[in-house]
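Numbering (my numbering), first residue to last: 575 to 1015.
Idealized CB from N, CA, C, for every residue including glycine.
Only a predicted model underlies this, so the values are computations on that prediction, with no experimental measurement involved.
Report on the following structure.
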């Protein structure tokens, strides 16, 4: 029995939703950073004092609630390339540049470009001019909108001044300014392109065919790649072609029903795939590393939008304790993590374990101001045999050596996330494994 036209529509809609998922989540973040603050009567976002919306500027987080506070930036490459300049620093940092679909274009940072100062040009799909003098590398994007979600190491509250010094050395400059030339005019694109008129983010649209209105708009910033020509052609058969005029309400009842069923299929597929994911390997990377696997890209976006590629960082966690209790609950038990001698996380740069309260994945307020612990935590105490024990519990331990290794936990369920920056081969191939989270009697 042949496949009916309605079945083809359903299958295509499912593929389109999986393809769209990271694009839409990325737009949600960009919209909140770029459009919403710029739309306010006041130039600053009241939720983030001092931050002005728009493209071409960094937004830095300096709160000591993470080992790697973020530096955000968004670039519109339609008119011209931009240059990101970085200072000389021995502090670990990475400025990863991602396309609209969250594939990484390239990374500027300690691992890839070193500790020296540098200027790196970020160019859009159609830029073909000579590379100017003084440019250390060129990152060629496949989309006209790109983002930077930078990380810079922070040892703790006493290290904020050093963090800010490095962050303030990150600079964005349009190429025309670097060359001393007039800024070129942005070429027209399909649909609305002034930030005042960009589509408002609608969380509910992710659950229905309504999300394809936004996908159609955003594909106008994403020229079809040769390896995706067939896929994009299939989307075009549904009217999702980057023209920015797709309207699901204009579909016939039969086709609209098939599209909605395809969305349901895709959402179930994503739930199933993410439920099987345990560590970060394979979920984040460049376009070449994904190899056309749009489901892997969607899973990565669902697990942790903007997670770093495996060569840069590895992520794992403890969703259950060693007795199988999920999630662990510090309201009932204290816990330990014991890294045996020679089994500390093998990191070229550093590692950390962060804790979040469930169900909201929120920070755990505590008098120590400690939200994570790792090899860079000041005063961390190793055992005489070279092992290391971390104490995950509500109350501060009474023994000084245990208190030095204390990760404050909530009076209730929690989850732990491990990050290893500069993971070695042993991490990536699975020969090194995380120790169990052991409840104490």
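Pick from the options: whose alpha carbon is nearest that of residue i?
{"i": "residue 1008", "options": "838, 693, 963, 979", "result": "963"}
{"i": "residue 833", "options": "1012, 579, 584", "result": "584"}
{"i": "residue 989", "options": "973, 940, 934, 997", "result": "934"}
{"i": "residue 991", "options": "888, 1015, 973, 939", "result": "888"}
{"i": "residue 589", "options": "640, 783, 739, 733", "result": "783"}
{"i": "residue 1023", "options": "856, 937, 913", "result": "Not covered by the structure: residue 1023. The range shown for the chain is 575 to 1015."}
{"i": "residue 978", "options": "940, 952, 852", "result": "952"}
{"i": "residue 605", "options": "771, 803, 844", "result": "771"}
{"i": "residue 794", "options": "971, 717, 996", "result": "717"}
{"i": "residue 721", "options": "672, 885, 844", "result": "672"}
{"i": "residue 925", "options": "579, 954, 735", "result": "954"}
{"i": "residue 650", "options": "633, 688, 715", "result": "715"}
{"i": "residue 849", "options": "835, 885, 873, 861", "result": "873"}
{"i": "residue 634", "options": "609, 928, 727, 899", "result": "727"}
{"i": "residue 631", "options": "639, 611, 640", "result": "611"}
Below 7 angstroms between beta carbons: does that hold for residue i and residue j?
{"i": "residue 814", "j": "residue 786", "result": "yes"}
{"i": "residue 669", "j": "residue 597", "result": "no"}
{"i": "residue 636", "j": "residue 780", "result": "no"}
{"i": "residue 858", "j": "residue 666", "result": "no"}
{"i": "residue 820", "j": "residue 790", "result": "yes"}
{"i": "residue 731", "j": "residue 943", "result": "yes"}
{"i": "residue 965", "j": "residue 974", "result": "no"}
{"i": "residue 1000", "j": "residue 915", "result": "no"}
{"i": "residue 911", "j": "residue 987", "result": "no"}
{"i": "residue 654", "j": "residue 758", "result": "yes"}
{"i": "residue 877", "j": "residue 851", "result": "yes"}
{"i": "residue 678", "j": "residue 883", "result": "yes"}
{"i": "residue 870", "j": "residue 591", "result": "no"}
{"i": "residue 603", "j": "residue 875", "result": "no"}
{"i": "residue 599", "j": "residue 844", "result": "no"}
Since residue i and residue j should fall inside the 8 angstroms C-beta cutoff, what is the C-beta to C-beta distance between them, to a whole number of angstroms?
{"i": "residue 586", "j": "residue 809", "result": "7 angstroms"}
{"i": "residue 607", "j": "residue 646", "result": "6 angstroms"}
{"i": "residue 723", "j": "residue 644", "result": "6 angstroms"}
{"i": "residue 984", "j": "residue 938", "result": "5 angstroms"}
Cβ of residue i versus every heavy atom of the ligand MN: is any distance shorter than 6 angstroms?
{"i": "residue 980", "result": "Absence of the ligand MN from the depicted structure is noted, as is the absence of any ligand whatsoever, leaving it without description."}
**Item:** Residue ranges of each alpha helix (DSSP H) within the stretch 759-818, 4 or longer
**Value:** 785-792, 803-811
**Asked** Which full runs of the alpha helix (DSSP H) of 4+ residues lie inside the stretch 692-766, going along the chain?
**Response** 734-741, 749-753, all fully within the stretch 692-766.
**Asked** With a cut-off of 8 angstroms, do at least 3 Cβ pairs link the stretch 740-756 to the stretch 655-668?
**Response** yes
**Prompt:** In chain order, which beta strand (DSSP E) runs of at least 3 residues are fully inside the stretch 902-937?
**Reply:** Qualifying beta strand (DSSP E) stretches, in chain order: 908-913, 921-931.
**Prompt:** Given 8 angstroms as the limit, is there contact between the stretch 854-865 and the stretch 812-831, that is, 3 or more CB pairs closer than that?
**Reply:** no
**Prompt:** Does the stretch 898-908 touch the stretch 947-964, meaning 3 or more C-beta pairs lie closer than 8 angstroms?
**Reply:** no
**Request:** Report the residue ranges of all beta strand (DSSP E) runs contained in full by the stretch 864-902; include only those spanning at least 3 residues, in chain order.
**Result:** 887-892
**the stretch 681-695 touching the stretch 889-900, judged by at least three CB pairs closer than 8 angstroms** = No, because fewer than three Cβ pairs between the stretch 681-695 and the stretch 889-900 fall closer than 8 angstroms, the two stretches do not touch.
**Item:** Stretch-stretch touch, CB-based, cutoff 8 angstroms, three pairs: the stretch 675-682 with the stretch 710-718
**Value:** Note that the stretch 675-682 touches the stretch 710-718; at least 3 beta-carbon pairs, one per stretch, sit closer than 8 angstroms.
**Item:** Secondary structure, beta strand (DSSP E): runs of 3+ residues fully inside the stretch 642-688
**Value:** Unbroken beta strand (DSSP E) stretches of 3 residues or longer found wholly inside the stretch 642-688: 644-650, 656-660, 667-672, 678-683, given in chain order.
**Item:** Contained beta strand (DSSP E) runs [length at least 3] in the stretch 937-971, N- to C-terminal order
**Value:** 946-948, 962-967
**Request:** Starting from the N-terminal side, write out each stretch of the alpha helix (DSSP H) that is 4 residues or longer and does not extend beyond the stretch 816-849.
**Result:** 827-849
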